[in-house]
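Reviewing the structure listed below.
Protein chains: 2
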Amino acid sequence: MSVQERKERERAARERLIVATARELAEQQGWDAVTTRRLAERIEYSQPVLYSHFRGKREIIGAVALDGATELAAALRAATAAADGPRERVYALARAYLDYAERHPAVYDAIFQLDGGLPYAQEDTPAPLKDAFAALLESLGEVAGDGVHPGLFTETFWAALHGLATLTRAGRLPPQHTEWRLELLVNRLAVL
Amino acid sequence: MSVQERKERERAARERLIVATARELAEQQGWDAVTTRRLAERIEYSQPVLYSHFRGKREIIGAVALDGATELAAALRAATAAADGPRERVYALARAYLDYAERHPAVYDAIFQLDGGLPYAQEDTPAPLKDAFAALLESLGEVAGDGVHPGLFTETFWAALHGLATLTRAGRLPPQHTEWRLELLVNRLAVL
DNA sequence: TCTCTTGTCTAGCACTGCTAGGATCGGGTC
DNA sequence: GACCCGATCCTAGCAGTGCTAGACAAGAGA
Numbered sequence: 001m002s003v004q005e006r007k008e009r010e011r012a013a014r015e016r017l018i019v020a021t022a023r024e025l026a027e028q029q030g031w032d033a034v035t036t037r038r039l040a041e042r043i044e045y046s047q048p049v050l051y052s053h054f055r056g057k058r059e060i061i062g063a064v065a066l067d068g069a070t071e072l073a074a075a076l077r078a079a080t081a082a083a084d085g086p087r088e089r090v091y092a093l094a095r096a097y098l099d100y101a102e103r104h105p106a107v108y109d110a111i112f113q114l115d116g117g118l119p120y121a122q123e124d125t126p127a128p129l130k131d132a133f134a135a136l137l138e139s140l141g142e143v144a145g146d147g148v149h150p151g152l153f154t155e156t157f158w159a160a161l162h163g164l165a166t167l168t169r170a171g172r173l174p175p176q177h178t179e180w181r182l183e184l185l186v187n188r189l190a191v192l
Numbered sequence: 193m194s195v196q197e198r199k200e201r202e203r204a205a206r207e208r209l210i211v212a213t214a215r216e217l218a219e220q221q222g223w224d225a226v227t228t229r230r231l232a233e234r235i236e237y238s239q240p241v242l243y244s245h246f247r248g249k250r251e252i253i254g255a256v257a258l259d260g261a262t263e264l265a266a267a268l269r270a271a272t273a274a275a276d277g278p279r280e281r282v283y284a285l286a287r288a289y290l291d292y293a294e295r296h297p298a299v300y301d302a303i304f305q306l307d308g309g310l311p312y313a314q315e316d317t318p319a320p321l322k323d324a325f326a327a328l329l330e331s332l333g334e335v336a337g338d339g340v341h342p343g344l345f346t347e348t349f350w351a352a353l354h355g356l357a358t359l360t361r362a363g364r365l366p367p368q369h370t371e372w373r374l375e376l377l378v379n380r381l382a383v384l
């Protein structure tokens with residue numbers, strides 16, 4: 001059985017290579033540049049190999065999204081762990097979120113804007129996505145205020161952050177005063 | 193000169209037809225279905241005619257965005273005009289905004305998500321876009337609170353609405369409790 | 001009526017995501 | 001060690017995309 005095991009290992013490694021390369025290409029040149037031909041060339045295989053791992057380009061985006069969600073959750077937890085008190089935690093969380101969106105716009109898009117064929121906000125939502133939301137909930141739940149459902153509060157706060165992140169990057173909001181908008185959001189929305 | 197005038201009139205009419213048809217197609221089947229071939233077929237001209245009016249598909253999206261922005265501004269003003277007092281005005285504004293995003297998702301995307309080649313948040317930003325923001329500012333400026341810049345407050349509130357609208361439509365937020373999130377946003381962000 | 005500009009269309013380019021079918025490589029068996 | 005056969009991979013191609021060069025026809029002005 002060791003031959004088959006080796007083959008499966010190699011196959012898994014190649015799958016990781018595909019996802020990592022897709023992400024790299026997307027971060028370097030945007031998702032438009034991630035074509036199946038270019039991706040195949042970079043991993044030094046022919047196009048059809050991609051389709052033996054994924055149903056199509058959509059599923060590759062989905063795989064990048066799952067990777068990114070894991071990373072985002074870790075970044076949020078790392079930021080809040082170093083902060084003292086609810087107020088500082090919320091600030092740290094919001095800054096870390098916007099920071100991630102700015103540093104990894106392609107991955108952020110894969111998670112929150114593009115169609116990766118993943119189910120969201122359902123029972124069968126993949127664990128990394130649920131966990132990213134959980135990371136938000138951990139710090140935001142404690143500042144929801146009396147009588148306000150922590151989950152719904154987290155959703156609302158998150159939506160506001162998402163709006164800031166996407167509108168700023170799309171050039172719809174001027175890049176100046178980002179910090180100010182973030183402070184307004186935290187001061188008004190969170191019950192501290 | 194009347195011959196030339198007639199030609200220019202016809203040309204302008206055809207340009208409006210292109211934009212209206214693109215919008216119709218996008219609202220019916222999504223922007224992916226708006227291909228230059230399909231669009232040309234619907235207006236009963238050949239593809240190259242499109243390029244005698246617009247530099248490319250991007251500019252057509254931009255034209256739909258400008259149309260939509262005018263419409264959105266009118267919808268926001270109509271909603272707030274019928275409301276009494278700042279609190280009711282903000283509610284009416286927020287509801288009208290989310291309502292427009294839900295009823296005209298393709299147009300909403302053209303304005304706020306897709307690349308239509310338009311300059312935003314600058315001096316040379318087209319009037320319809322500036323006016324849509326002005327419509328937001330008219331109702332939101334009065335609830336910014338003391339010492340808070342009305343423009344920046346409007347941007348922040350708008351970003352939050354945008355986040356709710358896009359995340360909900362992309363399936364990232366469950367469709368239930370939309371009203372509740374909106375109320376939370378208004379109650380916490382606006383100083384009433 | 002003829003000419004020449006203006007406007008329109010046909011045909012084609014380089015690219016996209018995706019797939020059918022043939023070639024080749026390598027593990028398992030005799 | 002030689003052979004068979006299945007798994008694996010690649011070449012070639014499909015239908016579609018945005019966009020454009022160049023041929024062609026229609027119509028205004030002389």
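One line per chain: the protein sequences are A and B, in this order.
83 is the number that this note's numbering gives to position 83 of the first sequence; each next residue is one higher, with no gaps.
283 is the number that this note's numbering gives to position 91 of the second sequence; each next residue is one higher, with no gaps.
Glycine included, every Cβ here is placed at the ideal spot set by N, Cα and C.
Tell me the DSSP secondary structure of residue i in three-state form.
i, result
"B:Ala-232", "helix"
"A:Val-186", "helix"
"B:His-245", "helix"
"A:Asp-109", "helix"
"A:Gln-29", "helix"
"B:His-419", "Since the first residue shown for chain B is 193 and the last is 384, residue 419 of chain B is missing from the structure and cannot be characterised."
"B:Met-193", "Low confidence applies to B:Met-193: its pLDDT is 49, below 50, so where it sits in the model is not reliable, and the reading given next is rough at best. If DSSP states are grouped into helix, strand and coil, B:Met-193 belongs with coil."
"A:Ala-83", "coil"
"B:Val-452", "Residue 452 of chain B lies beyond the residue range present for chain B, which begins at 193 and ends at 384; the question has no answer from this structure."
"A:Leu-192", "coil"
"B:Thr-358", "helix"
"B:Ala-205", "helix"
"A:Val-64", "helix"
"B:Pro-318", "coil"
"A:Pro-150", "helix"
"A:Ala-160", "helix"
"A:Tyr-45", "coil"
"A:Ala-96", "helix"
"B:Ala-313", "coil"
Hey, would you say residue i sits closer than 8 Å to residue j, going by beta carbons?
i, j, result
"A:Val-19", "A:Ile-60", "yes"
"B:Ala-293", "B:Ala-284", "no"
"B:Ala-382", "B:Val-335", "yes"
"B:Leu-332", "B:Val-282", "yes"
"B:Leu-321", "B:Thr-346", "no"
"A:Arg-188", "B:Arg-380", "yes"
"A:Arg-42", "A:Thr-21", "yes"
"A:Gly-62", "A:Leu-17", "no"
"A:His-53", "A:Glu-15", "yes"
"B:Val-378", "A:Leu-184", "no"
"A:Leu-25", "A:Ala-13", "no"
What distance in whole Å lies between the Cβ atoms of residue j and residue i, which are believed to be in contact at a cut-off of 8 Å?
i, j, result
"A:Ala-181", "A:Asp-115", "It should be noted that the sequence gives Arg, not Ala, for residue 181 of chain A. Going by Cβ atoms, the distance from A:Arg-181 to A:Asp-115 rounds to 28 Å, so no, they are not a contact pair."
"B:Leu-365", "A:Ala-121", "6 Å"
"A:Ala-78", "A:Leu-161", "A:Ala-78 to A:Leu-161, Cβ: 17 Å. No contact."
"A:Leu-76", "A:Ala-96", "5 Å"
"A:Ile-111", "A:Ala-81", "In fact, because the Cβ distance is near 22 Å, the residues do not count as touching under 8 Å."
"A:Leu-167", "B:Ala-351", "5 Å"
"B:Ala-232", "B:Gln-239", "4 Å"
Please list the residues of the stretch 343–356 of chain B that have a C-beta atom closer than 8 Å to any C-beta atom in chain A, keeping them in chain order. Leu-344, Phe-345, Glu-347, Thr-348, Trp-350, Ala-351, Ala-352, Leu-353, His-354, Gly-355, Leu-356
Using a Cβ-Cβ cutoff of 9 Å, what residues of the stretch 41–58 of chain A are near chain B? List them in chain order. none
The stretch 307–321 of chain B: positions lying closer than 7 Å to chain A by Cβ: Answer in chain order: Tyr-312, Ala-313.
Pull out every residue of the stretch 363–381 of chain B whose Cβ sits closer than 8 Å to any Cβ of chain A, in chain order. Gly-363, Arg-364, Leu-365, Pro-366, His-369, Trp-372, Arg-373, Leu-376, Leu-377, Arg-380, Leu-381
Got a sec: which bits of the stretch 13–29 of chain A sit with their beta carbon under 8 Å from any beta carbon on chain B, in order along the chain? none
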